[in-house]
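> Those sequence lines, one after another, are chains A and R.
Residue 72 in my numbering sits at position 72 of the first sequence; the count goes up by one each step and never skips.
Residue 120 in my numbering sits at position 120 of the second sequence; the count goes up by one each step and never skips.
Glycine included, each C-beta is placed from N, C-alpha and C at the ideal position.
Number of protein chains: 2
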Amino acid sequence: MLVRRADKLAGSAVTMDGAKSVAMRMMVGRADGAPNFAMRHFTVEPGGHTPRHSHNYEHEVYIIGGEGRVEHDGDFRAIAGGDVVFVEPNKVHQFVNTGAEPLLFLCLVPVSFDCGKPTPGS
Amino acid sequence: MLVRRADKLAGSAVTMDGAKSVAMRMMVGRADGAPNFAMRHFTVEPGGHTPRHSHNYEHEVYIIGGEGRVEHDGDFRAIAGGDVVFVEPNKVHQFVNTGAEPLLFLCLVPVSFDCGKPTPGS
Chain A
1 MLVRRADKLA
11 GSAVTMDGAK
21 SVAMRMMVGR
31 ADGAPNFAMR
41 HFTVEPGGHT
51 PRHSHNYEHE
61 VYIIGGEGRV
71 EHDGDFRAIA
81 GGDVVFVEPN
91 KVHQFVNTGA
101 EPLLFLCLVP
111 VSFDCGKPTP
121 GS
Chain R
1 MLVRRADKLA
11 GSAVTMDGAK
21 SVAMRMMVGR
31 ADGAPNFAMR
41 HFTVEPGGHT
51 PRHSHNYEHE
61 VYIIGGEGRV
71 EHDGDFRAIA
81 GGDVVFVEPN
91 KVHQFVNTGA
101 EPLLFLCLVP
111 VSFDCGKPTP
121 GS
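#1: A/ARG77 touches chain R at which residues, Cβ-Cβ below 8 Å?
#2: Are A/VAL3 and A/VAL14 close, meaning C-beta to C-beta below 8 Å?
#3: The stretch 54–72 of chain A: which residues have C-beta closer than 7 Å to a C-beta of chain R, in chain order?
#4: Indicate whether at least one CB of chain R lies closer than 8 Å to the CB of A/ASN36.
#5: Tell me, please, whether the CB atom of A/PHE86 is closer than 8 Å to any CB atom in chain R?
#6: Do the CB positions of A/GLY66 and A/LYS20 come within less than 8 Å of each other?
#7: So which of R/ASP114, R/ALA100, R/GLU101, R/HIS55 has the shortest CA-CA distance to R/PRO89?
#8: Does A/VAL28 get closer than 8 Å to chain R when you measure Cβ to Cβ?
#9: Would a C-beta distance cut-off of 8 Å place R/GLN94 and R/GLU71 closer than the cut-off?
#10: Give the straight-line distance between the Cα atoms of R/MET26 and A/LEU108, rounded to the nearest whole angstrom.
#11: Does R/LYS20 come out as helix, strand or coil in the three-state DSSP assignment?
#12: Can A/VAL111 and A/PHE37 be called in contact, C-beta distance under 8 Å?
#13: Does any C-beta atom of chain R lie closer than 8 Å to the C-beta of A/ALA10?
#14: If you measure from the beta carbon of R/LEU104 to each beta carbon in chain C, is any gap under 8 Å?
#15: Compare the C-beta of A/ALA6 against all C-beta atoms of chain R and say whether one is closer than 8 Å.
#16: Looking at R/MET39 and A/VAL28, is the spacing between their C-beta atoms short of 8 Å?
#17: Write down the C-beta distance between R/GLY99 and R/GLY68 rounded to the nearest angstrom, noting that I regard them as a contact closer than 8 Å.
#18: Considering only their Cβ atoms, is the gap separating R/TYR62 from R/PHE105 smaller than 8 Å?
#19: In chain order, what residues of the same chain lie with their CB nearer than 6 Å to the CB of A/ASN6, ignoring the 5 residues before and after it?
#20: Could you name each continuous beta strand (DSSP E) segment of 3 residues or more that falls completely within the stretch 67–110 of chain A, going from the start of the chain to the end?
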């Protein structure tokens with residue numbers, strides 16, 4: 001049985017253009033045999049942010065802790081632990097840490113898009 | 001932009017055979033236009049449990065809080081806040097609250113299975 005905790009996994013720095021002070025941990029992904037979607041854990045340090053971008057697949061996000069701001073196509077919201085955000089396909093989005101503690105969240109993606117291409121980071 | 005919190009949503013009692021003291025809140029689902037997978041929030045009260053069953057689609061689970069035990073095809077593990085569990089397709093599984101507080105978790109499912117049937121509770 002696969003049981004994992006983010007705090008027991010080493011994080012990988014996200015080097016994508018536009019990312020600042022972001023680390024990812026794969027919780028359940030293609031390498032584990034995930035058939036449809038992948039669960040990733042992100043840590044955004046104070047002052048950091050994810051890339052501001054869009055793509056033609058969705059995110060479903062659960063904020064674990066910290067404080068931040070999310071953009072969804074020009075709409076901005078404050079986010080904190082317990083919030084769930086649905087990032088629709090093709091919407092410009094970004095997660096920014098606006099607090100003094102790490103912003104921690106789960107971000108799920110489909111494992112494939114465009115009729116079978118592997119989703120980056122899945 | 002869709003931002004939701006479980007503590008602002010009314011829960012629906014899970015009436016499936018074998019469920020005891022379980023409530024579900026839909027965080028992101030088919031009705032929201034989720035293209036591939038649905039995020040549901042579950043509360044299992046002390047002494048309660050989810051059905052012990054299997055099906056041919058997976059779960060990806062994030063334990064938010066509380067204490068419990070998960071079965072995955074005869075393998076048992078203690079679970080607590082921060083644990084991620086991958087329930088593979090066709091494995092017998094059950095989540096049991098073994099603590100004195102509610103067991104809270106996210107459980108994600110694909111929105112369809114068997115070549116397009118809507119997944120129950122998606």
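In terms of the structure at hand:
#1: MET1, VAL3
#2: No, the Cβ-Cβ distance between A/VAL3 and A/VAL14 is not below 8 Å.
#3: GLU58, GLU60, TYR62, HIS72
#4: yes
#5: yes
#6: no
#7: R/HIS55
#8: yes
#9: yes
#10: 16 Å
#11: strand
#12: yes
#13: no
#14: Looking at the structure shown, chain C is missing, and the protein chains on hand are A and R.
#15: yes
#16: no
#17: Indeed they touch by this definition, with Cβ atoms about 7 Å apart.
#18: yes
#19: The residue you asked about is not Asn; residue 6 of chain A is Ala in the sequence shown. Excluding positions up to five away in sequence, the list reads ARG25, HIS41.
#20: 67–72, 75–80, 83–87, 93–97, 103–110
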